[in-house]
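Worksheet for the structure shown next.
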Amino acid sequence: MLDSRIPHSELLTHSFLTPTHNKSYRKKNSRKRKRKTNDQLLLLQREFENNPEWSKESLARLTKLTGLSEAQVYKWGWDQKKKIEFSSYSKSSSTVSLAQLFEDTCVQICWKPQENSIVELPVDNNMKCREIMPPLGVDMDLLTIQKSYRSNMEAFGLRRNI
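Under full-length UniProt numbering, the first residue of the sequence shown is numbered 1, with each subsequent residue one higher.
Rendered as structure tokens:
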């Protein structure tokens, strides 16, 4: 039911009366996307291979040669740059191992209980990267028990690798 509070002049222009909800109206006014022809693509690819950085003048020239709009030509060039950037990124990241990534930045994290702090020490590149986490709460108790067990074993002359 129509709302009686809306003035009659606004009812005529109200959104539910406009033909945008009518499917046949939308189909008539919607533009279908046209694909680029092979000739247009060859021309764009050839120009991109010669110079991937397009100036305003080269965009205007390509617009005239291809019959595409300046926005279409610019977007095609932009997409090509992104494809190259993405493919080079994915190739380089797929051939690098984790060891190579951390080779130069390897550090040993040590807990210094006397200073109650964590210290990062550089590790030689030919050594494996290790990480020692600071003992907290229960971990500290377990570490204390382990140390006392080790010292008791040594006191009795028994040595066991822990």
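For each residue, glycine too, the CB sits at the ideal point set by N, CA and C.
Considering only the beta carbon of each residue, do residue i and residue j sit closer than 8 Å?
i   : j   : result
L44 : W78 : no
K36 : L62 : no
Could you tell me which of the options sits nearest to residue i, measuring between CA atoms?
i   : options                : result
E85 : L42, G67, L65 and P52  : P52
Q80 : A60, F48, D141 and L65 : F48
R33 : Q72, Y149, N50 and S55 : Q72
Report the three-state DSSP secondary structure of residue i (helix, strand or coil).
i    : result
L68  : coil
G77  : helix
K82  : helix
E53  : coil
R35  : coil
F156 : coil
Keeping to the same chain, check which residues put their C-beta closer than 7 Å to that of residue i; ignore five residues upstream and five downstream.
i    : result
Y74  : L59
A155 : none
W54  : G77
Flag residue i as yes when its Cβ comes closer than 7 Å to any non-hydrogen atom of the ligand ADP, and as no otherwise.
i   : result
N51 : Only the bare structure without any ligand can be found here, which leaves the ligand ADP out of the picture.
Who are the near neighbours of residue i in its chain, counting only those whose CB is closer than 6 Å to its CB and skipping five residues on each side?
i   : result
E70 : L59 and T63
Q40 : T66
R46 : none
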